[in-house]
Each structure stands twice: as structure tokens, then as C-alpha cells.
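Working notes, structure below.
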Amino acid sequence: MQDPNGTERVATQLHQACRDVGFFYIQGHGMSGSVSNGVRQEARRWFNMPAHVKEQIALNPHTAFRGYQQLGANVTRYDGGFQRDWHEAIDLYKEEADASASPVHGQNQWPSHSPAFEAVLRQYISGCLSIGQAVMRGIAQGLGLQDDFFESKAGGLTNAESSYWVTRVIHYPPLQEGKQESGGAAVKGSSEAAAGGEIDRAVQLSCGEHTDYGLLTIVNQDPDIPALQVKNARGEWITAAPIPGTFVCNIGDMMRVYTNGAYTPTLHRVVNADPSRSRVSVPFFYETAFDAEVAPVAALLKDNKQPMFNPVIYGRHLESKVLSNFELGGSAAAAAV
Ligand SMILES: N=C(N)NCCCC[C@H](N)C(=O)O
Ligand SMILES: O=C(O)CCC(=O)C(=O)O
Ligand SMILES: [Fe+2]
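Numbering (the UniProt record's numbering), first residue to last: 1 to 337.
Okay, structure coming up:
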């Protein structure tokens, strides 16, 4: 980015990556290792605290889905049922004083009993907001739009200040014995879960396959445990291995709408296949402003192409996801811990 032609080159690379893959790595992002590594280190310490401490900031509908979720509480929905994601996490969002306008609006529950963790987490969030805004400028330029398109009215008035950001501090213990993927392990039919209940799959996942909900995800992962897997165009799972000093980034559902399908969010999942070590990651989601009406951008509808997507309010899309993401207080989750 120091080079006068640097932004153009990066914008072109972003365009190719978003169009062809949906995932890319960033380096030279300006966040110091003491923040990116520190936040994971403090997270690991916190997750090792006793359950009753972690439960002090437990998430539920009355906390606007902000706070701690125990192992197995976050689920991934499939046709006819759901599978428990094998992770525990703290979810934080942009804080919103007027909690009445949305079930996800409210104040965060910051990690209890750990001022150092809270301090570095706040630094991390502020750093990611700057990075998110900068990368979205590059993506706008790569699309041939004004670089501040996403900050403009048509782009949702999204900037580091207004972004309805999310961060998830996630701890992935080893998968349960006997449930790891072993060359083509059978997956029981989802027809068994016609009632919409829990699916008993042979393969357990640290996080089930999904796309992210908004604009841009920035993943800060442990350097030595490859676990994030990305589905390529042939349907194969490709590991996005950690590269120290970089973040893995991917685009979310709103980018499909803005680009009228030219960019599509890529399915990904997490499999911590290491039987002896837990993994920590801290994805940061740089998302559209909550009230933004997201619609295909007129300038991108070339050759009289019709818009393929109806406008969506980002906040409503987020609510529909968050409200179905949890199976709270399930006895299975409690029993498993
Ligand atoms: N805010 C975002 N993007 N969160 C992504 C969480 C994905 C896991 C969730 N079980 C799911 O199925 O979506
Ligand atoms: O832990 C990771 O590497 C990514 C997690 C993820 O995909 C998510 O939380 O949306
Ligand atoms: Fe994700």
C-alpha cells in the first residue's frame, strides 16, 4: 500500500479473490502481534476458568444474545434438523443503547474476572474496524466503484463507526472420540430428523458449514492448528492453513446482493482434527450498518441485467440467523460438558 500503484494492484487482487474464491489472506494490515496474539492468549486463559465463572456472562435472549455460550449451544441448521457445533464462545456486537428496536440490540457482556482480556479485546475490535473499512475500500475499488462506496448512502452508510460489527471469541476443544471424520464416514440421513431435532451425524464438526452474514470476515486463528476448511468450486474442502502475521478473510451474504451474484459467499466449516489440543480463533465480522438497505448496485448491473435479489435490511437478515443459532439449556449440551 506504500507504492503509488499499490492500492490498484491490491484492488485487482481483491476482485479476483472475491470473484473466484471468496477467501483471501491479508498481511501488512497494521495490527501488532501483541494485540492479535494477545487476544487469543487471554481468551485461552479465560476459557480455562471454571464453568461457574464463564456462566456469569451467559448469553440468552434477555442479554440480546451477547455473552458466553457453552459447548454445544451454538448449532448449525440443516434441512430438517440441526447439529451442535463443538465449540464454546463469547459473542460481542456493536453496542446499541436503544435495545427496543431489535432482539440483538443491547450492551455486551465483557469477559468476567479478566481486565487484561477485556483491554486487549477492545484494542482488537478497534484495530479490526480500521482494517475492515480499509479492505472494504479496496473491494469497492476492485468492483470499479468509488473507494468510499460502502460509506455512501447507496452502500449502506457503513464505516468503522456505524458497522454493526460482531466478534466471536471461540474455543474449539478436540472433537469427541469416535466422531472424527475418517475417510468418507457415513452421515445418517437427515430424514431421521424430520421433527427438526438434533441430527446424529457420524461426523462431528467444530463448526458446521455455513456462509457468513454480512460484508467481510477477518479471522485471527492459532498459528499451529489448521482447522478452517473452505469449500471450493468442485465441492472439495480446502484447508485455510494459518499463516503467522496474516488474517484469513472472506466475504459474507451481503456481498452477493450488492454485486448481484458476481461475488458469492463461500461455504466454510471448522474441524479441529488435533486430538490433543484445543484451538482458539477470534473472527471479527465487519458488517453493514444495521438499518442499511442492501440492494444490487445499479452500476454493477451491466448489459441490461436485471437485479436477481430483492433488497434486504441487513439487521433483519442478522436477526433471522442469530435467533436460530442457539439451542440453549439443552440437556445434551449440559451432559456433554
Ligand atoms: N456472525 C456470524 N457470521 N457468525 C457465524 C457463525 C456460524 C455458526 C452458526 N452455527 C451458523 O450456522 O451460522
Ligand atoms: O474459527 C474459524 O476459523 C472460523 C469460524 C467461523 O467460520 C465463524 O465463526 O463464522
Ligand atoms: Fe464463518
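Beta carbons: idealized from backbone N, C-alpha and C, even for Gly.
Using three-state DSSP, classify residue i as helix, strand or coil.
{"i": "S281", "result": "strand"}
{"i": "residue 340", "result": "The requested residue 340 does not occur in the structure, where the chain is confined to residues 1 to 337."}
{"i": "R77", "result": "strand"}
{"i": "D212", "result": "coil"}
{"i": "T63", "result": "helix"}
{"i": "H268", "result": "strand"}
{"i": "D253", "result": "helix"}
{"i": "W86", "result": "coil"}
{"i": "G22", "result": "coil"}
{"i": "Q56", "result": "helix"}
{"i": "S319", "result": "It is Glu, not Ser, that sits at residue 319 in the sequence shown. Three-state DSSP puts E319 in a helix."}
{"i": "S114", "result": "coil"}
{"i": "W46", "result": "helix"}
{"i": "S152", "result": "coil"}
{"i": "K188", "result": "With a pLDDT of only 44 at K188, under 50, the local geometry of the prediction cannot be trusted, and no value is derived from it."}
{"i": "A194", "result": "Bear in mind that a pLDDT of 46 at A194, under 50, signals an unreliable position, so the number given afterwards is only what the model happens to contain. A194: coil per DSSP, three-state reduction."}
{"i": "residue 377", "result": "Missing from the structure shown is residue 377; the chain here goes from 1 to 337 and no further."}
{"i": "L71", "result": "coil"}
{"i": "G183", "result": "For G183, the predicted structure reports a pLDDT of 43, less than 50, and the residue's modelled location is therefore unreliable. A value from the coordinates is still provided. Coil, per DSSP."}
{"i": "R168", "result": "strand"}
{"i": "G329", "result": "coil"}
{"i": "A289", "result": "strand"}
{"i": "Q229", "result": "strand"}
{"i": "E107", "result": "Per the sequence presented here, residue 107 reads as Gln, with Glu not at that position. Correct three-state label for Q107: coil."}
{"i": "S163", "result": "strand"}
{"i": "V337", "result": "With a pLDDT of only 40 at V337, under the threshold of 50, the placement of this residue in the model should not be trusted, and no figure is reported."}
{"i": "L14", "result": "helix"}
{"i": "I218", "result": "strand"}
{"i": "V248", "result": "strand"}
{"i": "V312", "result": "strand"}
{"i": "T7", "result": "helix"}
{"i": "I238", "result": "strand"}
{"i": "Y93", "result": "strand"}
{"i": "V294", "result": "strand"}
Quick test of your reading: residue i and residue j, contact by CB under 8 Å. State the CB separation rounded to the nearest angstrom.
{"i": "P173", "j": "S278", "result": "5 Å"}
{"i": "F285", "j": "G214", "result": "6 Å"}
{"i": "E96", "j": "F47", "result": "Contact doesn't hold; Cβ gap of about 27 Å is too wide."}
{"i": "L216", "j": "W86", "result": "26 Å between Cβ atoms; not a contact."}
{"i": "V75", "j": "Y93", "result": "Contact flag wrong, Cβ pair sits at about 19 Å."}
{"i": "M31", "j": "I131", "result": "7 Å"}
{"i": "R45", "j": "Q109", "result": "Contact doesn't hold; Cβ gap of about 18 Å is too wide."}
For residue i, which option in the options has the closest C-alpha, if you only look at C-alpha atoms?
{"i": "D98", "options": "D91, I90, Q107", "result": "Q107"}
{"i": "L228", "options": "G245, T167, H210, L216", "result": "H210"}
{"i": "D274", "options": "A233, L301, P103, I225", "result": "I225"}
{"i": "V10", "options": "M136, T288, E319, E161", "result": "M136"}
{"i": "R84", "options": "V203, E293, Q306, F247", "result": "V203"}
{"i": "H317", "options": "L328, A295, Q306", "result": "A295"}
{"i": "P265", "options": "N232, C207, P115, D222", "result": "N232"}
{"i": "A289", "options": "G156, K179, A299", "result": "G156"}
{"i": "L145", "options": "I313, E8, E327", "result": "E8"}
{"i": "R201", "options": "G67, E319, G81", "result": "G81"}
{"i": "E293", "options": "S324, E151, E118", "result": "E151"}
{"i": "C249", "options": "K179, G33, F24, C18", "result": "F24"}
{"i": "I125", "options": "R45, L143, E161", "result": "E161"}
{"i": "Q306", "options": "D148, Y314, P50, V297", "result": "V297"}
{"i": "S102", "options": "N220, C18, G329, I313", "result": "I313"}
{"i": "W237", "options": "F247, R256, V270", "result": "V270"}
{"i": "G197", "options": "D3, T259, Y78, V166", "result": "Y78"}
{"i": "G28", "options": "I251, F247, S324", "result": "F247"}
Answer with buried or exposed for residue i, where buried requires no fewer than 16 other C-beta atoms within 10 angstroms of its C-beta.
{"i": "S36", "result": "buried"}
{"i": "R168", "result": "buried"}
{"i": "D303", "result": "exposed"}
{"i": "A134", "result": "buried"}
{"i": "D222", "result": "buried"}
{"i": "Q70", "result": "buried"}
{"i": "T239", "result": "exposed"}
{"i": "H113", "result": "exposed"}
{"i": "N5", "result": "exposed"}
{"i": "A73", "result": "buried"}
{"i": "T12", "result": "exposed"}
{"i": "K188", "result": "Its pLDDT being 44, under 50, K188 is placed unreliably in this model, and the value from its coordinates should be taken loosely. It is exposed - the Cβ of K188 has fewer than 16 other Cβ atoms within 10 Å."}
{"i": "I243", "result": "exposed"}
{"i": "G138", "result": "buried"}
{"i": "K54", "result": "buried"}
{"i": "D253", "result": "buried"}
{"i": "A193", "result": "Model confidence at A193 stands at a pLDDT of 44, short of 50, so the residue's coordinates are unreliable; what they give is reported in the following sentence. Answer is buried; the Cβ neighbour count reaches 16."}
{"i": "A17", "result": "buried"}
{"i": "H268", "result": "buried"}
{"i": "S276", "result": "exposed"}
{"i": "H52", "result": "exposed"}
{"i": "Q56", "result": "exposed"}
Is residue i near ligand 4 - that is, is its Cβ less than 8 Å away from at least one heavy atom of it?
{"i": "H210", "result": "No copy of ligand 4 occurs in the structure displayed; its ligands are ligand 1, ligand 2 and ligand 3 alone."}
Legend entry - Distance cut 6 Å, beta-carbon to ligand 2 heavy atom: residue list by chain order: This criterion selects R168, I170, C207, D212, V219, Q221, L228, H268, V270, S281, P283.
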